[in-house]
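Reading the sequence shown from the start, the letters are residues 1 to 937 in full-length UniProt numbering.
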Amino acid sequence: MEFEKRKAAALASLGCSETDKSPKGSLDAPIVPLLTTINHHPSYFTTSSCSGRISILSQPPAAAAAKNKKARGGTWLYISHDPADPDSVLSSLFPAEPRPNQCDSSELVFRFEPLIVAVDCRDLSAAQLLVSTAIACGFRESGITSASKRVIVAIRCSIRMEVPLGDTREIVVSREYVKFLVGVANEKMEANRRRTEKFHQTLRTIWSSEGEVNGAGDEKTESVSRDAESLKECECETVTCVGSSEAGASLDGNARDGPAVHQDCSLSITPLKILGEPHEKLFLWGHSACTVDRRNREELLVFGGFGGMGRHARRNDCLLLDPSFCTLETIAVRSAPSPRMGHTASVVGDQMFVIGGRTDPLNILSDVWVFNTATNEWKLLNCNGHVFPPRHRHSAAVLGLKIFVYGGVNNESICSSCFILDTSNLCWEECAVGGDQPCARHSHSMVAYGSKVFMFGGYDGEKALGDLHSFDIQACAWQREKTLGKGPHARFSHSMFVYKHYIGIIGGCPVKQHLQELSLLDLQLQSWKLVTLNSVSRYLFVRTTVNIVGDDLVVIGGGASCYAFGTNFSEPMKINLIRLDSSSHSRLSDGDKHPCRQGEVTEEIHGLHQGQGLRLKHAQSLGENSDLKFEEAINMVGPQTNPMNWLLQVERNLAKLAKDLLKKFGWLDMGRKVYACEDGTHICFPVTEKFYALYEKQDHRADVFEELNVLCSSKQPLESDVLLNQNRWSAALNLLKQGGASTLVDRIGEVRKVARSPYVVMREAVAVLVKQRGLSEELLEQLPTRWERLGDIVVLPETSFKDPIWETIGEELWPIIAKVLNTRRLARQGYVARTSTRDSALKILFGDDGWVAHRENGILYSFDATKCMFSWGNLSEKLRMACLDCRGEVVVDLFAGIGYFVLPFLVRYDQLLFTFNLAVGIMKMKKMRFFIISRNI
């Protein structure tokens, strides 16, 4: 009702014959049709507007403006809302009679300002439609300027100009130059007119298809539409944009349909009333926040970001927020890192590691700082290992003592590398990962859960991303996660968190109403659900930080900025998540039901031994967050006695569908083999006992799907993916039954040979040795989860087998490790010497000497690994250098090493002269390497 009241009052004032309070006092005629169309729509009305103007503004000096408030805005010597007449402009600047002498001169500025329209919108969804339409029509600085009590949109573009001409005492430009300026301004005015007409026509086209333009409006709107010339103008006002300001962001995005809203599950947002320091210190974005244990309770340590009190800028403050008591204090520190934003902060023990960030648009950082939460001291770290390139807007997650860093951006270069910082030895390592590696991105988010790192979304330079990947630290491989339900929309600059067995995603760009709800991935079911947040329109969750404190999700900072409309920040708040477990079986909205299952269906599952029935009611289809999980149903049925191995026999043409269904719900026994019957017409799938219990005892309905007979009798292959997304497990059982599937006893029971990772085999073998020697099983935690190969040498990381007690059983241990890893030589990496030659400290554990032949890019490098460090990095740079056309050139490599760049040159070119610096000092340091490179050449 409030929106309707505001609109009625605004339209009543527009229909009034009195002049408004703007300098002109009336509307600009060129945009009356546009304003009429907007005001006619039931979800919008305009509050101020300007069609665009060319003007000469006389601005008084600051001293005079301070004395006279009315003079602060200046006065116009010339103004036109149409293309300017050069002669009229010249006569205003160069009058026939001189101007009277003035005590204070005023600055004269020639200006062109494009269209601007402020629109009050019914809700955020309506505002989003208007903004996206305006941006598509060329008004690229359009955005949502307010989303609290009122939702206001500003329509604007950037084709403005502002040129000083001198002052009222002296014009410092010529008449010809003024004519040139008028010509430029008229061109901009014409471009502004074309964009305005395109915007107007697009709105009419969109709303005509919705039946809004010529439909029934309220009486005030129709009155304005009949008498458009009587509408009045309010001059352009300063506004603040909180729309998407991220580089390259499309407010529409390329998102697929998101999850349906669980109307019966919502969470409340509670603002934090901050005590102690001013709460404006938390008006930040691009900052970091970590949960730390202080004073026997969890508190949040906030660092850096953009915003803060007073003039908004990049910060390096350390703020401590106690969410329990809502107290905020500033930690007094010395030698803090430089002010920055877009960095990451990760807590390992009682230390917070700050990595990278940006101090200004040109200064991208790669440094690592550590903050000791016990002593409140900062320290700049000197890390060894691989070189970590500068980046910001990357993401980091902690597993054990290691910090995993992925992605980021450095100027125009978007990163796809994965680095690991081992905090125990301060060594960087660039991972050579496998699997389904994600594309380069920035502004994504990562969290750690179990032995995996999960990553969602981001921006790849062209579009927002909506993929979910996981990185398995044991397999050192990426995997694109396959989940049930409709996942979150593509987004970037969002936040991610872990709560119990959920991964949560909130906010981000493009700014949409549904993006300010909470998307949750149930890691037990691998299914998405959506939870509504009350009072969502008050906040903008862009570049916020979220942290779990107890059962509360504490949200700090966030907001956005726009070049034309300024900045907006979100208040600190918390969201209690305790209701998530109680709502884990929430129903889906009606729109997600299968069209064949609109009615409520009653199923009956009988107990195997008690003969009692269990009646289960449901009103949803499979695959979209089932209200009853398969595991729960079978547990209620009861346990079986005399377990047997079972098979599900299906016709060959239904094999793919059956396999997809069995795998989807965990019914396929992965420990046994699938095989075909002797006649070749049927396929037998090994199934679990739980499946057999449900399948044989369920009352199958004959009318589950009307189209099933058509599908089964068709010669075309069944589209199982479609069926998987439409039905839940109970319907899946019916589907298999209708397809003629039957259960058999597996009398063969051929067991599948399950491939085990080398790590698992190693752990089992070493565990036997440790037990035989009476050692502590805690030693097994020092086993390496990954390793490298240099030729035929397997190199273990320096963090493995660190306890000296391993040396006492080395004669038995190292042959076991070598056999498991299928190598004849075994070594352990040592710390790389922090010298100019970066000598290797690799130690041979099993096998002869350290001479090795290692192949990379088709080039065989021969060197002593115990004396020379092999650089795994710069692989792309080596390839690039090898492709340079250096024919006829003299190449001088002053840092030849073992020939990283020399050998690629020699492979490509037959005649090149390589000159080495053989000065006594350098020769002394590089004697071994000179011998090695000579041998390689």
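We put the CB at the ideal spot given by N, CA and C, even for glycine.
Contact under 8 Å by Cβ, residue i with residue j
i, j, result
"Thr574", "Pro278", "Here residue 574 is Lys; the residue named in the question, Thr, does not match the sequence. Not closer than 8 Å, so no."
"Gly52", "Met161", "no"
"Leu129", "Ser58", "no"
"Gly458", "Phe404", "no"
"Val794", "Leu783", "no"
"Pro797", "Trp787", "yes"
"Ile503", "Tyr449", "yes"
"Ser315", "Leu284", "Looking at the sequence shown, residue 315 is not Ser but Arg. Taking 8 Å as the Cβ cut-off, Arg315 and Leu284 qualify as a contacting pair."
"Leu401", "Asp367", "no"
"Lys49", "Leu35", "Sequence check: residue 49 is Ser here, not Lys. Contact flag set, yes."
"Leu780", "Arg763", "yes"
"Ile38", "Ser80", "no"
"Phe472", "Ala440", "The sequence shown places Asp at residue 472, rather than the Phe named in the question. Going by C-beta atoms, Asp472 is not nearer than 8 Å to Ala440."
"residue 961", "Ala126", "Here the chain has residues from 1 to 937 only, and residue 961 is not among them."
First through last residue of the beta strand (DSSP E) which encompasses residue i
i, result
"Phe371", "363-372"
"Val109", "107-113"
"Cys684", "682-687"
"residue 938", "Summary: the structure shown does not reach residue 938, with the chain confined to residues 1 through 937, and so no result is reported for it."
"Pro271", "269-271"
"Trp646", "646-651"
"Thr483", "It is not in any beta strand (DSSP E) - Thr483 carries neither H nor E in the DSSP assignment."
"Thr743", "742-745"
"residue 942", "Nothing in the structure corresponds to residue 942, since the chain is present only between 1 and 937."
"Arg828", "825-828"
"Phe45", "44-50"
Segment limits, alpha helix (DSSP H) that includes residue i
i, result
"Asp467", "Per DSSP, Asp467 belongs to no alpha helix (DSSP H); it is in the beta strand (DSSP E), 464-472."
"Ser132", "124-136"
"Glu4", "2-14"
"Asn39", "32-40"
"Asn734", "729-738"
"Pro86", "86-93"
"Lys673", "Careful: Lys673 lies outside any alpha helix (DSSP H) and carries neither H nor E."
"Asp422", "First-last for Asp422: 418-422, but that is the beta strand (DSSP E), not the alpha helix (DSSP H)."
"Ala147", "Per DSSP, Ala147 belongs to no alpha helix (DSSP H); it is in the beta strand (DSSP E), 143-147."
"residue 947", "Because the chain spans 1 through 937 in this model, residue 947 falls outside it and cannot be assessed."
Residues bridged to residue i [DSSP beta-bridge criterion]
i, result
"Phe497", "Gly504"
"Leu906", "Paired residue(s): none; Leu906 is not in a bridge."
"His442", "Tyr459"
"Ala490", "Its beta-bridge partners do not exist; DSSP assigns none."
"Met573", "Pro271, Val555"
"Asp849", "For Asp849, which the question treats as bridged, DSSP gives no partner whatsoever."
"residue 941", "Because the chain in this structure spans residues 1 to 937, residue 941 falls outside the shown range and cannot be described."
"Trp76", "Leu57"
"Trp667", "DSSP, once it has assigned bridges, lists no residue as partnering Trp667."
"Ala560", "Asn568"
"Cys509", "Phe492"
"Arg391", "None, per the DSSP bridge assignment."
Cutoff 8 Å: residue i Cβ touching any chain B Cβ
i, result
"Arg6", "Note that chain B does not occur in the displayed structure, where there is just one protein chain."
Cβ-heavy atom distance, residue i to the ligand ATP, below 7 Å
i, result
"Ser13", "With respect to small molecules bound, the structure shown includes none, and the ligand ATP cannot be examined in it."
**Item:** Secondary structure, alpha helix (DSSP H): runs of 4+ residues fully inside the region 288-361
**Value:** Fully enclosed alpha helix (DSSP H) runs of no fewer than 4 residues are not present anywhere in the region 288-361.
**alpha helix (DSSP H) segments (min. 4 residues) lying fully within the region 771-821** = Counting only runs of 4 or more, we get 805-808, 810-820.
**Request:** Inspect the CB distances between the region 142-155 and the region 112-124 and report whether three or more fall short of 8 Å.
**Result:** The way I'd put it, the region 142-155 does touch the region 112-124; three or more beta-carbon pairs between them come closer than 8 Å.
**Prompt:** Is the number of C-beta pairs between the region 478-494 and the region 519-534 that are closer than 8 Å three or more?
**Reply:** Enough Cβ pairs lie closer than 8 Å, so yes.
**Asked** Are at least three pairs of beta-carbons, each pair with one atom in the region 372-382 and one in the region 399-413, less than 8 Å apart?
**Response** No, they do not touch.
**Asked** When the Cβ atoms of the region 432-440 are set against those of the region 464-476, are three or more pairs found closer than 8 Å?
**Response** Yes, the region 432-440 touches the region 464-476.
**Prompt:** Could you give the uninterrupted runs of the beta strand (DSSP E) lying entirely in the region 146-170, keeping only those of 3 residues or more?
**Reply:** Whole beta strand (DSSP E) segments, 3+ residues: 151-156, 161-167.
**Message:** Three or more C-beta pairs under 8 Å: does that hold for the region 287-298 against the region 334-350?
**Reply:** Between the region 287-298 and the region 334-350 there are three or more C-beta pairs closer than 8 Å, enough to call the two in contact.
**Asked** Are there three or more Cβ pairs, one per stretch, closer than 8 Å when the region 321-335 is compared with the region 347-356?
**Response** Because the criterion of three Cβ pairs below 8 Å is not met, the region 321-335 and the region 347-356 do not touch.
**Prompt:** With contact counted as at least three CB pairs below 8 Å, one residue from each stretch, are the region 167-187 and the region 122-142 in contact?
**Reply:** At 8 Å Cβ cutoff, the stretches do not touch.
**Message:** I want to know whether the region 663-670 touches the region 678-695 - three or more CB-CB distances under 8 Å.
**Reply:** In short, these stretches touch, since the Cβ pair count reaches three.
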